[in-house]
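Undergrad: Residue numbers (my numbering): 155 to 630.
Just so you know, even glycine gets a beta-carbon here, dropped at the ideal spot from N, CA and C.
Keep in mind that this is a model prediction, so the values were computed, not measured.
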Amino acid sequence: MINDSTVSRGPFTRLPGQSDSGRSHSLATLAAVLLATLVVSAAVYQTRAIPDRLLAEARQKLEQAPRLSPLAVVEGRDLLLIGEIEPFPGMDEIIGNLSRIRGIRSTTDLLTRIRRPTPHLELKRNEDAVVAIGRLNGKDLASAMVQIRNAFPDRSITNRIGIDDNLGSPLWLDGLSDSLKVLEPVSNLEFKGWRGRIQLNGTVSDNRGRRLVHTMAASMMHRLEIDSRLVMETAADRPLLALTANWRGLEFSGTVAHAKAADRVRQAIEAVFGPAHSRIDIEFDSARQDEGNLAVLLSLLPELTAVRNLRLVSAGEGYVMWGEVESPYRLERIVRRIDDLGLALALDNNIEVSQGGTPATVSLFRYHDLVTISGRLPNAFHREQVLGAVRQTTGVRIVEEALDAQPDIVQSRWIDVWPEVLRAVPLDVFGISINGYEVLLTGVAATEDEGLGIQMRLADLLTDHEIRNWMTEPSP
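(1) Buried or exposed for Ile-317, please, with buried defined as at least 16 other CB atoms from any protein chain shown within 10 angstroms of its CB.
(2) Touching or not, the region 428-436 and the region 446-455, by the rule of three or more beta carbon pairs under 8 Å?
(3) The alpha helix (DSSP H) with Asn-280 in it runs from where to where?
(4) So if DSSP puts Thr-262 in a beta bridge, which residue, or which two residues, is it bridged to?
(5) Just checking, does the region 547-557 make contact with the region 517-536 on the three C-beta pairs under 8 Å criterion?
(6) Which full runs of the alpha helix (DSSP H) of 4+ residues lie inside the region 419-492, going along the chain?
(7) Just verifying my parser: in three-state terms, what is the DSSP assignment at Met-386?
(8) Once you ignore the five residues that flank Arg-303 on each side, which residues in its own chain have a CB closer than 7 Å to its CB?
(9) Under the rule that 16 or more other beta-carbon atoms within 10 Å means buried, what is Ser-323, buried or exposed?
(10) Given that a residue counts as buried once 16 or more other Cβ atoms are within 10 Å of its Cβ, and exposed if not, what is Ile-268?
(11) Rounded to a whole number of angstroms, what is the C-alpha to C-alpha distance between Asn-251 and Glu-379?
(12) Taking the alpha-carbon of Phe-427 as reference, which of His-536, Ser-566 and Thr-547 has the nearest alpha-carbon?
(13) Apart from the five residues just before and just after Asp-582, which ones in its own chain have a Cβ nearer than 8 Å to its Cβ?
(14) Does DSSP classify Ala-197 as helix, strand or coil?
(15) Suppose the cutoff is 8 Å on Cβ atoms and the five residues either side in sequence are ignored; what does the same chain contact list for Arg-622 look like?
(16) Decide if the region 451-468 is in contact with the region 486-493; the criterion is three or more beta carbon pairs, one per stretch, under 8 Å apart.
(17) Taking DSSP's pairing of strands, which residues face Gly-288 in a bridge?
(18) Near Ala-389, which residues of its chain fall below 7 Å by C-beta distance, leaving aside the five closest residues on each side in sequence?
(19) First and last residue of the alpha helix (DSSP H) that includes Ser-333?
(20) List the endpoints of the continuous alpha helix (DSSP H) containing Ala-372.
(21) With burial defined as no fewer than 16 other Cβ atoms inside 10 Å of the residue's Cβ, what is the status of Asn-533: buried or exposed?
(22) Taking Tyr-473 as the reference, give the member of Asn-503, Ser-453 and Arg-256 with the closest Cα.
(23) Please classify Leu-464 as buried or exposed, where buried requires at least 16 neighbouring CB atoms within 10 angstroms.
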């Protein structure tokens with residue numbers, strides 16, 4: 155039998171002789187313990203929740219910069235950016251705005267900024283097909299092809315893109331599919347993309363080209379340089395043409411009224427740029443009887459061989475032209491020729507002066523009937539021009555050559571006067587090297603006066619060049 159007086163009591167059971175004040179003390183102690191527990195729990199929760207909230211808010215602000223978002227880390231109230239990234243326009247401004255997040259104590263930029271070679275993509279789209287060429291890294295290539303197929307689900311797609319995992323990532327890749335869909339109204343679209351730059355070629359049925367470009371830019375994640383070359387469709391009675399020329403060669407496509415007009419166009423192009431490096435595709439449409447200024451325009455072609463990345467297209471009732479030249483002097487020559495031909499109103503000239511690139515070089519050595527020549531030239535046309543002048547001017551039978559056309563080489567003054575340069579040195583044994591604004595002349599002149607005469611003739615041809623005359627006289 156259990157004695158009631160020995161039964162275990164709970165913590166709030168009053169013992170015999172215990173007063174109510176003791177009980178009140180126990181309740182106060184318990185309340186204090188519970189309050190402390192709640193405070194500690196709240197502090198722990200807040201300690202854990204604050205970084206999560208700050209990180210979530212930071213990534214929300216980085217939605218327009220998806221390349222930065224995965225590099226954001228929060229430690230306490232400090233926001234850190236850690237990792238490798240290729241810089242992009244506006245990146246530093248975006249990072250600076252992160253410090254405005256409420257609750258952030260500091261923002262620390264620990265990013266390693268890296269520079270990789272520039273990628274390149276070129277899309278050509280017509281009514282039925284899309285051709286993709288260029289070079290991208292493997293990851294970006296996979297993403298690009300998915301987006302291209304998404305943008306053009308009903309067209310056949312030819313992939314000629316090479317893979318180079320050393321290349322950087324293009325900024326236009328984020329949102330490429332949406333951008334291409336915006337450009338659906340453009341006929342014969344050409345989309346050319348580098349890292350942070352896009353060039354658009356094509357025609358639109360009205361004047362909405364600018365609006366399309368603005369809409370496309372708004373759909374992109376990054377701020378990009380967009381070179382819009384969208385033009386209005388050519389008038390139905392005018393010749394339709396599109397000419398592009400770069401260091402590889404020339405491509406021409408067009409539609410004229412009849413075969414006789416096509417022959418004139420073909421002969422004019424091949425006379426200037428050469429048949430070996432010209433790809434010409436001409437169709438006939440009897441409705442395009444009004445040739446407008448086409449014949450006069452063809453007379454301008456010789457002056458345009460000095461233009462890098464030349465593009466000349468018909469638009470409306472006239473023509474539009476883009477490209478780059480190496481100096482204001484070269485641009486002035488082109489503008490003067492346009493005025494002389496009366497094309498100022500018919501031709502919209504957008505050729506610009508570009509200071510980039512390396513001047514063309516040449517080294518030629520002649521020993522009687524043997525000529526050896528090497529150098530770097532802006533394009534394949536100039537290569538044929540230089541070789542042709544050597545054969546025609548010197549009359550030698552054997553020419554050993556190592557002339558290369560390269561994309562980063564710009565037009566140089568010596569190319570314009572190359573035949574005259576060769577005629578200025580009437581010797582069977584001589585050498586001439588031109589690099590930038592330096593000319594080195596070697597050989598054996600009959601007399602000192604003959605050597606000085608050659609030097610003076612070259613100085614007249616190559617103004618602003620320094621001519622070093624290392625010619626000698628024959629041994630007595």
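TA: Quick look at the numbers:
(1) Exposure of Ile-317 is indicated by the presence of fewer than 16 other C-beta atoms within 10 angstroms of its C-beta.
(2) They do not touch, by the three-pair rule.
(3) It is not in any alpha helix (DSSP H) - Asn-280 carries neither H nor E in the DSSP assignment.
(4) Bridge pairing for Thr-262: Leu-234 [DSSP].
(5) Yes: at least three Cβ pairs fall under 8 Å.
(6) Runs found: 448-452.
(7) In the three-state reduction of the DSSP assignment, Met-386 falls in the strand class.
(8) The residues Ile-311, in chain order, have a CB closer than 7 Å to that of Arg-303 in the same chain once the five nearest residues on each side in sequence are set aside.
(9) Taking every protein chain shown into account, the CB of Ser-323 has 16 or more other CB atoms within 10 angstroms, so this residue is buried.
(10) Classification for Ile-268: exposed.
(11) In a straight line, the C-alpha of Asn-251 is about 23 Å away from that of Glu-379.
(12) Of the candidates His-536, Ser-566 and Thr-547, His-536 places its Cα closest to the Cα of Phe-427.
(13) Same-chain partners within the cutoff: Arg-520, Tyr-521 and His-522.
(14) In this predicted model, Ala-197 has a pLDDT of only 43, less than 50, meaning its place in the structure is not dependable enough to derive any value.
(15) So the list reads Glu-592, Val-593, Leu-594 and Leu-595, once near-sequence residues are dropped.
(16) They touch, by the three-pair rule.
(17) Partner(s): Leu-275 and Ile-315.
(18) In chain order, Gly-470 and Glu-471 place their CB closer than 7 Å to the CB of Ala-389, counting only its own chain and leaving out the 5 sequence neighbours on each side.
(19) Counted as a single uninterrupted DSSP element, the alpha helix (DSSP H) harbouring Ser-333 occupies residues 330-336.
(20) Run containing Ala-372: 363-372, per the alpha helix (DSSP H) assignment.
(21) Buried, since its Cβ has 16 or more Cβ neighbours within 10 Å.
(22) The alpha carbon of Tyr-473 has as its nearest neighbour, out of Asn-503, Ser-453 and Arg-256, the alpha carbon of Asn-503.
(23) The C-beta of Leu-464 has 16 or more other C-beta atoms within 10 Å across all chains shown, which makes the residue buried.
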